[in-house]
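All remarks here apply to the structure that follows.
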Amino acid sequence: MATKTFSPVQAVACSRVEHKSNMKPTAIKMNDVPTNLILLKQKPVVAVPPVANGVRVVTAAEYKQAAACLAEAFGEDDVARYFIDVPDREHWTEAEKWALHVEIIEYITYAHILKGLVTTVGDFEAVALCGMWRLNYRLSPEGKRRFFDEFFPLLHDTMHTTLGDREHEAWYLVYLGTKPAGRGKGHARKLIEHVTAQADREGRACYLESSNASNPPIYRRFGFETCRTVQLQRGGRNIPLDIMVREPAAQKT
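Going by the working numbering, the residue at position 71 of the sequence shown is 74; the numbering climbs one at a time, nothing skipped.
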């Protein structure tokens with residue numbers, strides 16, 4: 004990606020998870036550590052105690068901070084760029100593309116606070132999330148085709164093919180990312196383990212799509228296995244997404 008013009012942000016960690024039964028078919032992605040959140044209604048700022056091991060739930064009032072973490076984490080991600088590096092936006096500057104990238108992540112984050120679970124570690128060094136809407140009004144015509152006609156249907160159909168009858172019972176990890184300044188501190192591990200522990204207690208599978216070739220080995224440490232790889236194909240070069248599933252671990256009695 005060309006030079007980005009944005010102000011540095013403080014390292015932070017957050018995570019966003021949602022039970023599949025609470026979500027409409029949508030697309031997801033995961034990176035190292037930073038993730039994003041989503042927000043529907045503005046709520047009063049309240050002190051949110053840690054859930055466990057430094058992980059806490061993100062409030063609606065914090066969606067911009069959470070989104071900033073994810074936007075930085077996914078700033079050069081191939082899938083994130085796929086919707087803004089389009090022929091009908093070639094005249095846009097990098098600053099304009101970056102602003103749209105941040106806006107997309109904010110929409111996604113806000114939506115997930117409303118309809119799922121968004122968690123964070125530290126000062127938004129890492130975040131996780133899933134869900135989005137309203138993008139139809141901001142994306143270019145080609146961006147819309149890539150997002151709504153290709154990306155969403157591909158992810159929805161792939162999840163159904165992979166999970167079958169369990170599609171609406173699995174935990175869907177949409178975004179997981181970490182800011183460069185927040186990496187190497189164990190934030191991603193805490194966020195992933197927070198979700199997998201819940202899934203194990205409920206006897207449910209976990210599902211994710213990884214757009215970064217370096218991430219599958221990381222997810223395997225937590226019990227995820229690659230089931231298949233799908234491709235986004237409208238951009239001149241194929242962009243792969245690794246589909247990974249983690250089966251619930253047996254609970255000790």
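Glycine included, C-beta positions come from ideal geometry on N, C-alpha and C.
How about residue i and residue j: do their beta carbons lie closer than 8 Å?
i: alanine 173; j: threonine 181; result: no
i: leucine 244; j: threonine 232; result: yes
i: tyrosine 178; j: isoleucine 116; result: no
i: leucine 158; j: tyrosine 210; result: no
i: aspartate 91; j: serine 214; result: no
i: isoleucine 87; j: leucine 103; result: yes
i: serine 143; j: valine 105; result: no
i: glycine 185; j: alanine 129; result: yes
i: alanine 83; j: phenylalanine 77; result: yes
i: glycine 226; j: alanine 252; result: yes
i: proline 219; j: methionine 247; result: yes
Per DSSP, what kind of secondary structure is residue i in: helix, strand or coil?
i: phenylalanine 86; result: coil
i: phenylalanine 127; result: coil
i: threonine 96; result: coil
i: proline 251; result: coil
i: phenylalanine 227; result: strand
i: glutamine 68; result: helix
i: glutamate 105; result: Inspection of the sequence shows that residue 105 is occupied by valine rather than by glutamate. Reduced to three states, the DSSP call for valine 105 is helix.
Who are the near neighbours of residue i in its chain, counting only those whose CB is closer than 7 Å to its CB and skipping five residues on each side?
i: leucine 85; result: First, the amino acid is wrong: residue 85 is tyrosine here, not leucine. Cβ within range, chain order: Arg149, Leu235, Gly238, Ile242.
i: methionine 162; result: Glu170, Tyr210
Can you tell me where the alpha helix (DSSP H) holding residue i begins and where it ends?
i: aspartate 203; result: 190-205
i: phenylalanine 155; result: 155-166
i: glycine 146; result: 144-147
What is the residue span of the beta strand (DSSP E) that residue i lies within?
i: glutamate 79; result: Counting along the chain, glutamate 79 falls outside any beta strand (DSSP E), and DSSP gives it neither H nor E.
i: serine 213; result: 209-213
i: threonine 181; result: 178-181
i: arginine 240; result: It is not in any beta strand (DSSP E) - arginine 240 carries neither H nor E in the DSSP assignment.
i: valine 60; result: 58-60
By Cβ distance, which residues of its chain are closer than 8 Å to residue i, with the 5 residues on each side in sequence left out?
i: valine 58; result: Ser18, Thr122, Thr123, Val124, Lys193, Leu194, His197
i: asparagine 56; result: Lys193, Glu196, His197
Identify, in the order they occur along the chain, each residue of the same chain with its Cβ nearer than 6 Å to the Cβ of residue i, setting aside the five sequence neighbours on each side.
i: glutamine 68; result: Phe127
i: glutamate 250; result: Ala208
i: tryptophan 95; result: none
i: alanine 202; result: Trp174, Cys209, Pro251
i: lysine 100; result: Ile87
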